[in-house]
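Sequential numbering from 1 applies to the sequence shown in UniProt numbering.
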Amino acid sequence: MSSSYFSFAILLFTLLILDCDGLVEDEENYHIFNIHSLLPDTVCSPYNGSQPTSPSSFNITHTNGPCSPLGWNGHWPTFDEILQQDLPRVDYLYRQSSSNNSFNGAILPVRIDGNYLVSVGFGTPRVDRHVLFDTGSSLTWTSCHGYHSHSYSRIPLDSRECNRLPFKTSAYHPACGYDAHYSDGARIKGIFGHDALALGPSEAASQFLFGCSYEHPDRDQGLLGLGRSWISLFEQARERFDGQFSYCLPTPSSVGHLTLGRSQYAHSLSFTPLLDYRDKEHYYVELRSIVIGRHTINIGCCTPAMLDSGATLTYLPPAAYAELRQWFMEGMSMYPRAPSARGLDTCYDLSGHGERASIPRVTLQFAGGVEVVVEKEGTVHAADVSSVCLAIVPRRSQGEEIVLLGSLVQIRKEVSYRPNANRVGFGPGDC
Numbered sequence: 001m002s003s004s005y006f007s008f009a010i011l012l013f014t015l016l017i018l019d020c021d022g023l024v025e026d027e028e029n030y031h032i033f034n035i036h037s038l039l040p041d042t043v044c045s046p047y048n049g050s051q052p053t054s055p056s057s058f059n060i061t062h063t064n065g066p067c068s069p070l071g072w073n074g075h076w077p078t079f080d081e082i083l084q085q086d087l088p089r090v091d092y093l094y095r096q097s098s099s100n101n102s103f104n105g106a107i108l109p110v111r112i113d114g115n116y117l118v119s120v121g122f123g124t125p126r127v128d129r130h131v132l133f134d135t136g137s138s139l140t141w142t143s144c145h146g147y148h149s150h151s152y153s154r155i156p157l158d159s160r161e162c163n164r165l166p167f168k169t170s171a172y173h174p175a176c177g178y179d180a181h182y183s184d185g186a187r188i189k190g191i192f193g194h195d196a197l198a199l200g201p202s203e204a205a206s207q208f209l210f211g212c213s214y215e216h217p218d219r220d221q222g223l224l225g226l227g228r229s230w231i232s233l234f235e236q237a238r239e240r241f242d243g244q245f246s247y248c249l250p251t252p253s254s255v256g257h258l259t260l261g262r263s264q265y266a267h268s269l270s271f272t273p274l275l276d277y278r279d280k281e282h283y284y285v286e287l288r289s290i291v292i293g294r295h296t297i298n299i300g301c302c303t304p305a306m307l308d309s310g311a312t313l314t315y316l317p318p319a320a321y322a323e324l325r326q327w328f329m330e331g332m333s334m335y336p337r338a339p340s341a342r343g344l345d346t347c348y349d350l351s352g353h354g355e356r357a358s359i360p361r362v363t364l365q366f367a368g369g370v371e372v373v374v375e376k377e378g379t380v381h382a383a384d385v386s387s388v389c390l391a392i393v394p395r396r397s398q399g400e401e402i403v404l405l406g407s408l409v410q411i412r413k414e415v416s417y418r419p420n421a422n423r424v425g426f427g428p429g430d431c
């Protein structure tokens, strides 16, 4: 048959699934929504899901939004700001993914300005701090300014424990000091020590090892490291919490949760194996394929995908991205193109098409038959309704074909980490 016949058939099919306003009426393959719901609300929506049954559960809020306990100036991050924060971190993580040296900076917090905050209590008497929560880092630290705990003890510089720790410096002799640099150039300096860490109303980890920082960026009160290194919170408290933790990442104008211990949503989770990858500091699963609309993109056998709560966007190998972009553009053909934003080259103007809009549905398919449907807020990022861009981008770092799954594709999903059982679970979230 002639190519003109196929072109006519595609056109006819497209017309059949469009309504009179040009909106795709295909809820199986498209997200259909009110156009204004792409933009975050300027008012905080409190957590209204089921109350977690674990005594060690914390509210998660976005650093840049109306729910932030540190205050919010009403400014949403621009595309440029997101990429400026993401790229040093992503480049660093890709370098780490190709390293088999467990202390080659792998537990260094790799970006000072993270995405999400939790409130935890340090010391005796308890001092609550709003700290960044990060699965891509393992070192927990808090500011030493105003920290006067009766139960705090410094680690001696000449101790065996100090010899195991990274970033050591003798600048605080006779205490075991550290001097660490972030990938964006920020710096933290302080002393390693032990103290109580409150993990809920009635839960506390005694003799918790962390950093007490005398030099750090002004805005930050600390970081809660949930990576896989031996000094992470999870590894130090592994037995207490049955070797598992979970979270639901919220939108910038809502509240999620971090739960240490068994997820109350375990019955609704589907599990994929946790990969035994040479980078032992981060969490990897196997991404098999990506479905966008009616099209399936084969990622290839055994492609590692790093789960990271600190990066915002998702980064694909260039070939996979090119195919995803092609099918996304086909699915958005009813909308006019908008000027590209920095690093985001696939943007559309959704204004002037009524109150409803549609975008192709993206589904991540992992080993074990696990499927995760990405929310519309994870598929696109909107500066406003006239500039809506695909929030999945090509990786710029050279090297292995590794996928990095940032926070946007995890929004409103229950993600359960069970390293003891070598698996990660995904399910619908209620945040």
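Built from N, CA and C at the ideal position, the CB exists for glycine as well.
### Message
Taking the beta strand (DSSP E) that L224 belongs to, which residues open and close that run?
### Response
Here residue 224 refers to the residue found at position 224 when the sequence shown is read from its first residue. First-last of the beta strand (DSSP E) with L224: G222 to G225.
### Task
Return the Cβ separation of S246 and S416 in integer angstroms, given the expectation that the two are a contact with Cβ distance under 8 Å.
Counted from its first residue, the sequence shown places residue 246 at position 246. Counted from its first residue, the sequence shown places residue 416 at position 416. That belief holds up - the Cβ atoms of S246 and S416 are roughly 4 Å apart, short of 8 Å.
### 6 Å CB neighbourhood of N104 in its chain, flanking five on each side removed
Position 104 of the sequence shown, counting from 1, holds the residue named residue 104. Annotation note: pLDDT 41 at N104 (below 50); position unreliable, no value reported.
### Query
For T140, does the count of other Cβ atoms within 10 angstroms reach 16, so buried, or fall short, so exposed?
Along the sequence shown, read from residue 1 onward, the residue named residue 140 stands at position 140. By the 10 Å Cβ count, T140 comes out buried.
### Message
By DSSP's criteria, M306 is part of a beta bridge. Which residues make up the other side?
### Response
Position 306 of the sequence shown, counted from the first residue, corresponds to residue 306. The partner list for M306 (beta bridge, DSSP) reads Y284 and L404.
### Query
So what's E414 in DSSP terms, helix, strand or just coil?
Along the sequence shown, read from residue 1 onward, the residue named residue 414 stands at position 414. Correct three-state label for E414: strand.
### Message
By the DSSP assignment, the alpha helix (DSSP H) with Y247 in it spans what residues?
### Response
The sequence position of residue 247 within the sequence shown is 247, counting from 1. Unbroken run through Y247 is the beta strand (DSSP E), F245 to C248; no alpha helix (DSSP H).
### Message
On the DSSP letters alone, give me the boundaries of the beta strand (DSSP E) that L260 sits inside.
### Response
On the sequence shown, residue 260 is found 260 positions in, with the first residue counted as 1. Looking at the DSSP string, the run of the beta strand (DSSP E) that includes L260 is G256 to L260.
### Task
Tell me, please, which residues DSSP counts as bridged to Y92.
For the purposes of this step, residue 92 is taken as residue 92 along the sequence shown, with counting starting at 1. Partner(s): none; Y92 has no beta bridge.
### Task
Please determine if the segment 284 to 293 and the segment 60 to 76 are in contact, where contact requires at least 3 C-beta pairs separated by less than 8 Å.
no
#### Entry: Distance, G256 Cα to A421 Cα
Taking the sequence shown and counting its residues from 1, the one referred to as residue 421 is at position 421. Taking the sequence shown and counting its residues from 1, the one referred to as residue 256 is at position 256. Using only the alpha carbons, I get a separation of about 25 Å.
### Message
So, for E161: in the same chain, excluding its five sequence neighbours on each side, which residues have a beta-carbon less than 6 Å away from its beta-carbon?
### Response
Here the question's residue 161 lines up with position 161 in the sequence shown. The residues are I155.
### Task
Find the nearest neighbour of R262 within the set A205, M334, R418 and S151, judged by alpha-carbon distance.
Here residue 262 corresponds to residue number 262 of the sequence shown, with the count starting at 1. The shortest C-alpha separation from R262 is found at R418.
### Query
When burial is assigned at 16 or more other CB atoms within 10 Å of the CB, is P46 buried or exposed?
Walking along the sequence shown from the start, residue 46 turns up at place 46. Exposed: under 16 other Cβ atoms inside 10 Å.
### Query
Where does the unbroken alpha helix (DSSP H) through N163 begin, and where does it stop?
Looking up residue 163 in the sequence shown gives position 163. R160 to R164 is the extent of the alpha helix (DSSP H) around N163.
### Task
Along the alpha helix (DSSP H) that carries R325, what are the first and last residues, could you check?
Within the sequence shown, the letter at position 325 stands for residue 325. From DSSP, the alpha helix (DSSP H) with R325 extends over P318 to G331.
### Task
Check whether the Cβ atoms of V285 and V393 lie closer than 8 Å to each other.
As a working mapping, residue 285 is identified with position 285 in the sequence shown. As a working mapping, residue 393 is identified with position 393 in the sequence shown. It is not a contact, given that the beta carbons lie outside the stated cut-off.
#### Entry: Bridge partner(s) assigned by DSSP for S387
Working through the sequence shown from its first residue, we reach residue 387 at position 387. Looking at the DSSP assignment, S387 forms a beta bridge with D384.
### Query
At which residue ranges does the segment 146 to 211 contain complete alpha helix (DSSP H) runs of 4 or more residues, listed in the order of the chain?
160 to 164
### Message
Please classify C389 as buried or exposed, where buried requires at least 16 other C-beta atoms within 10 Å of its C-beta.
### Response
Position 389 of the sequence shown, counted from the first residue, corresponds to residue 389. C389 comes out buried.
### Message
Taking its Cβ as the centre, do 16 or more other Cβ atoms sit within 10 Å of I107, making it buried, or is it exposed?
### Response
Here the question's residue 107 lines up with position 107 in the sequence shown. Caution is warranted here: a pLDDT of 39 is assigned to I107, below 50, making its placement in the model unreliable, and the coordinate value is therefore given only provisionally. I107 should be labelled buried.
### Query
What residues in its chain sit with their C-beta under 7 Å from that of Y214, if we drop five residues either side in the sequence?
For the purposes of this step, residue 214 is taken as the residue at position 214 of the sequence shown. Answer for Y214: C144, K189 and G190, listed in chain order.
### Task
Taking 8 Å as the cut-off, decide whether the C-beta atoms of L132 and L70 are in contact.
Within the sequence shown, the letter at position 132 stands for residue 132. Within the sequence shown, the letter at position 70 stands for residue 70. In this structure, L70 does not lie closer than 8 Å to L132 by Cβ.
### Task
Quick one: give me the first and last residue of the alpha helix (DSSP H) that T379 is part of.
One-based indexing of the sequence shown puts residue 379 at position 379. Counting along the chain, the alpha helix (DSSP H) containing T379 begins and ends at K376 to T379.
### Query
Considering only the beta carbon of each residue, do D345 and L405 sit closer than 8 Å?
Taking the sequence shown and counting its residues from 1, the one referred to as residue 345 is at position 345. Taking the sequence shown and counting its residues from 1, the one referred to as residue 405 is at position 405. No, the pair does not count as a contact, with Cβ atoms beyond the cut-off.
### Residue from D26, V90 and I35 whose Cα sits closest to the Cα of E355
Your numbering for residue 355 matches position 355 in the sequence shown. It is I35 whose Cα lies nearest to the Cα of E355.
### Query
Which of the three DSSP states, helix, strand or coil, is assigned to N29?
Along the sequence shown, one-based indexing puts residue 29 at 29. Residue state, collapsed to three classes: coil.
### Message
Quick check: what's the CA-CA separation for H150 versus L197?
### Response
By one-based count along the sequence shown, residue 150 stands at place 150. By one-based count along the sequence shown, residue 197 stands at place 197. If you take the alpha carbons of H150 and L197, they lie about 13 Å apart.
### Message
Given a cut-off of 8 Å on the beta-carbon distance, is the pair G378 and L350 in contact?
### Response
Numbered from 1 along the sequence shown, position 378 holds the residue referred to as residue 378. Numbered from 1 along the sequence shown, position 350 holds the residue referred to as residue 350. In this structure, L350 does not lie closer than 8 Å to G378 by Cβ.
### Message
To the nearest angstrom, how far is the alpha carbon of Y92 from that of E239?
### Response
Taking the first residue of the sequence shown as position 1, residue 92 is located at position 92. Taking the first residue of the sequence shown as position 1, residue 239 is located at position 239. Each residue's Cα considered, the two are about 30 Å apart.
#### Entry: Neighbourhood of Y30 by C-beta distance below 8 Å, restricted to the same chain and skipping five residues each side
Residue mapping note: residue 30 aligns to position 30 of the sequence shown, counting from 1. Result list for Y30: V24, G293, G331, S358, I359, P360 and R361, in chain order.
### Query
Is DSSP giving G40 helix, strand or coil here?
Taking the first residue of the sequence shown as position 1, residue 40 is located at position 40. It should be pointed out that residue 40 corresponds to Pro in this sequence rather than to Gly. In the structure shown, P40 sits in coil (DSSP, three-state: anything other than H, G, I, E or B).
### Task
If I'm right that residue 501 touches Y265 with Cβ under 8 Å, what's the distance once you round it to whole angstroms?
With the chain covering only 1 through 431, there is no way to say anything about residue 501.
### Task
Taking the CB atoms as reference points, tell me whether Y152 and F167 lie closer together than 8 Å.
Residue mapping note: residue 152 aligns to position 152 of the sequence shown, counting from 1. Residue mapping note: residue 167 aligns to position 167 of the sequence shown, counting from 1. Contact flag unset, no.
### Residue nearest to I82 in terms of C-alpha spacing, selected from A205, A341, D279 and R95
Translated into positions along the sequence shown, residue 82 becomes position 82. For I82, the nearest C-alpha among the options comes from A341.
### Task
Measure the Cβ-Cβ separation of L364 and V374 and say whether it is below 8 Å.
In the sequence shown, residue 364 corresponds to position 364, counting from 1. In the sequence shown, residue 374 corresponds to position 374, counting from 1. For L364 and V374, yes; Cβs fall inside 8 Å.
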